[in-house]
Structure formats: structure tokens, C-alpha cells
Amino acid sequence: MALVEKWVCCMPERIPSDVYELVTMRRDRRGLTMVFEGLRKIITVEFGFLPLSVRSGRFSPPTSGRTEEPAGQERENRLLYQVENSADLRRFQAEAAAAGHKEPLLYLVFLTSNDSIEVIALGMPAVTVRPRQPEAAVQETLSTPLGPVEILADGRPLPYRCTPLPLQSQRFRVDGRWRLDCLLPGTIAPVEVQCRIAVDPAQSVTCGAETGEALDLMSFTWNNNKLSIGTEGDLPGVTCHYEKTGMRLRFLSGPGAVSLYLAWLTMTEPEREEIYPWFAADPSFDETRRRN
């Protein structure tokens with residue numbers, strides 16, 4: 042007998058009823074973090090481990106079978122569903138069992154207004170709900186002291202969302218600091234993502250790689266100014282190339298999303314301050330990671 046999938050609404054008591062959009066998605070050694078934005082709330086979903094599978098596409102509840110909502114809560118949660126009786130889930134369970142893993146797996150689907158994300162993981166994620174930020178808190182393009190930032194996917198301009206980050210911590214103080222988030226749903230791998238700055242050719246600028254542990258980073262210096270671009274490094278299937286105008290990342294498998302960090306500073310004491318943009322552009326120092 043063929044399996045009949047059943048979609049069951051999850052966490053209606055935590056996730057308010059709304060229509061959500063996927064704002065950012067980050068996969069790294071810490072796990073998977075996704076941020077969804079509705080009209081009134083922002084939902085942060087965090088898996089403290091890397092799921093077995095993450096796929097974006099146009100998923101929808103089955104025409105046969107049932108989509109169950111809690112009693113008296115018709116469509117109370119339109120974001121998160123658990124899929125039962127799934128052939129894909131049984132396949133992953135069989136593969137995990139063959140590898141000696143006995144933990145139960147969950148097949149979760151996040152439905153948004155413009156996309157859907159399918160996740161097969163070892164358990165439910167942590168969910169944080171907070172009020173939506175004012176529109177002024179984010180912007181869609183970033184200008185730097187060297188010029189505007191452009192992001193390309195296989196040579197085609199890629200929209201990005203830039204969010205301001207704190208300018209000062211115990212380790213650094215900078216004049217500008219931003220996180221740039223790009224979504225790449227449905228990207229065919231391999232794919233190259235390029236982050237570049239339209240540097241004025243009349244400007245005397247030097248640039249070079251300044252990598253660190255789990256960090257791909259390059260910096261530009263001119264006069265007493267320094268600007269750094271950083272992203273998560275040492276990831277399997279990802280290579281980074283440094284160019285005169287920025288960095289190029291090549292992904293052997295579709296990344297789904299990319300986050301880049303930019304920071305800059307006009308230095309008054311270069312010997313002491315030249316490390317500041319380097320720290321500020323390191324993703325591991327993103328203080329908003331657990332809140333945005």
C-alpha cells in the first residue's frame with residue numbers, strides 16, 4: 042500500500058499566525074539558522090546541529106491525505122509543519138540505521154509566502170519570537186568608503202539584504218560594520234558567488250588575503266583606511282579566491298544562502314587599530330546571531 046503523507050501543524054502556541062518570508066538562512070559548524078519575517082513578528086529558527094538534508098523549492102501540502110490543525114485553531118500556524126508517512130523520511134531513516142545511528146528523524150517543512158524549506162533533522166529546532174524591527178533597520182544596498190558593494194551569482198547581479206551590526210566591542214571599534222545576506226533558492230550547483238567593490242581606479246589601494254581559522258577574509262588599505270570582507274571559511278566543498286575588487290566563492294553544492302561581513306575604519310593609530318576591521322568582519326563575532 043502506498044504511503045499517504047500527513048502534514049501536522051507544529052508549535053502553534055509559539056509561532057503566531059501570519060504570512061512569513063524567509064529573510065536569511067545560515068549553515069555552518071554551529072548548525073542551521075533561519076530567520077522568517079511576518080507583518081508583526083520575526084521568527085528565528087535554530088538547529089544546534091547540521092540537519093541531514095536542507096532543500097528549498099515549491100512544496101505544498103498533499104492533495105490526498107490530511108493536513109491537521111489543532112482543535113479550534115484553524116490554520117493557526119502557517120509556517121512549520123511535520124510531515125509523517127513520507128517516503129523520503131523512510132529513506133533517510135534506513136540510511137541512518139545502516140550507518141549505526143538510532144536517533145529518530147523528523148521531516149519538517151517551513152511554508153513561506155514565496156518559498157518553502159524542507160529539513161530532515163534529528164529533532165525540533167529552538168524557536169525565538171520577537172517584534173518586527175522598524176524598516177529603517179535594514180537596507181538593500183551598501184555603499185562603503187571605497188565604493189558600492191555588488192554581489193553576483195555566476196556573473197548575474199544578486200539582490201542582498203544588509204543589516205547594521207554594533208560598531209564596538211571589547212576587541213574592536215570601527216566606523217562601519219554590516220552583514221550582507223543573499224538567498225540563492227533553486228541555484229544549480231556548482232555556483233560562483235562574487236562580492237566586489239567598485240573601487241575608484243584613481244584611488245591608490247592595496248589588497249590581500251587575511252585568512253584565519255574557519256575564516257575567509259580579505260582587506261583593502263589606502264592612506265590610513267582599512268576595509269575587510271569576511272565570511273565563514275574552511276567549509277567542505279567551498280573554495281575562496283581573492284581578487285583586486287573582492288572575493289569569489291565557488292560552491293560545489295547549492296548553498297541556499299550566503300552571508301558576508303564588511304567593516305571599515307579610518308585609523309588614527311594604525312599599528313594598534315589595523316586589526317580592528319579584521320575582528321569586525323569575522324562572522325564568529327556577530328553579536329546579533331542569536332537574536333536576528
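Read in order, the letters of the sequence shown are residues 42 to 333 in my numbering.
Built from N, CA and C at the ideal position, the CB exists for glycine as well.
Fair warning: this is a prediction, and the values are worked out from it, not measured in the lab.
Spatial distance of GLN235 from VAL76 (CA atoms): Taking the straight line from one Cα to the other gives about 23 Å.
Distance between THR247 and ILE56 (C-alpha atoms, nearest Å): The alpha-carbon atoms of ILE56 and THR247 are separated by roughly 49 Å.
Note down the Cα distance separating PRO297 from ASP327, rounded to an integer number of angstroms. Rather than Pro, the amino acid found at residue 297 in this sequence is Gly. Near 20 Å, if we compare the C-alpha coordinates of ASP327 and GLY297.
Quick check on the burial criterion: 16 or more other C-beta atoms within 10 angstroms. Buried or exposed for PRO318? The Cβ neighbour count for PRO318, taken over all protein chains shown within 10 Å, is at least 16; the residue is labelled buried.
Using DSSP bridges, identify the partner residues of ARG289. DSSP output for ARG289 lists GLN235 and HIS282 as bridge partner(s).
I need the straight-line Cα distance from GLN134 to PHE151, nearest angstrom please. Rounded to the nearest angstrom, the two C-alpha atoms are 20 Å apart.
My understanding is that THR329 touches SER300, with C-beta atoms under 8 Å, so please give their C-beta distance in whole angstroms. Actually they are not in contact, since the Cβ atoms of THR329 and SER300 sit about 11 Å apart, beyond 8 Å.
Just verifying my parser: in three-state terms, what is the DSSP assignment at SER300? Residue state, collapsed to three classes: strand.
Enclosing beta strand (DSSP E) for ALA250 [first to last residue]: Per DSSP, ALA250 belongs to the beta strand (DSSP E) from 247-250.
From PRO111 to PRO53, what distance separates their C-alpha atoms? Any reading at PRO111 is ruled out, since the residue's pLDDT is 45, under 50, leaving its predicted position unreliable.
Roughly how many angstroms separate the alpha carbons of ARG107 and VAL279, rounded to a whole number? In this prediction, ARG107 scores a pLDDT of 48, lower than 50, which makes its location untrustworthy; the coordinate-derived value is nonetheless stated afterwards. The straight-line gap from Cα to Cα measures roughly 40 Å.
Burial state of PRO313 (16 or more Cβ within 10 Å): Per the sequence presented here, residue 313 reads as Arg, with Pro not at that position. So ARG313 ends up on the exposed side.
Please state the DSSP three-state secondary structure of ALA26. The first residue shown for the chain is 42 and the last is 333, placing residue 26 beyond what the model contains.
For ALA162, which beta-bridge partners are listed by DSSP? Its beta-bridge partners are LEU147.
Given that a residue counts as buried once 16 or more other Cβ atoms are within 10 Å of its Cβ, and exposed if not, what is LYS267? Buried is the call here.
Cα-Cα, which of LEU73, LEU256, LEU80 and PHE320 is closest to PRO92? It is LEU73.
Residues of its chain near ARG332, where Cβ-Cβ distance is below 8 Å and the 5 sequence neighbours each way are ignored: In this prediction, ARG332 has a pLDDT of 44, which is less than 50 and means its spatial position is unreliable; nothing more can be read from the coordinates.
Taking the alpha helix (DSSP H) that TYR317 falls in, what are its first and last residues? Run containing TYR317: 317-321, per the alpha helix (DSSP H) assignment.
DSSP state of ALA167, grouped into three classes? ALA167 falls in the strand class under three-state DSSP.
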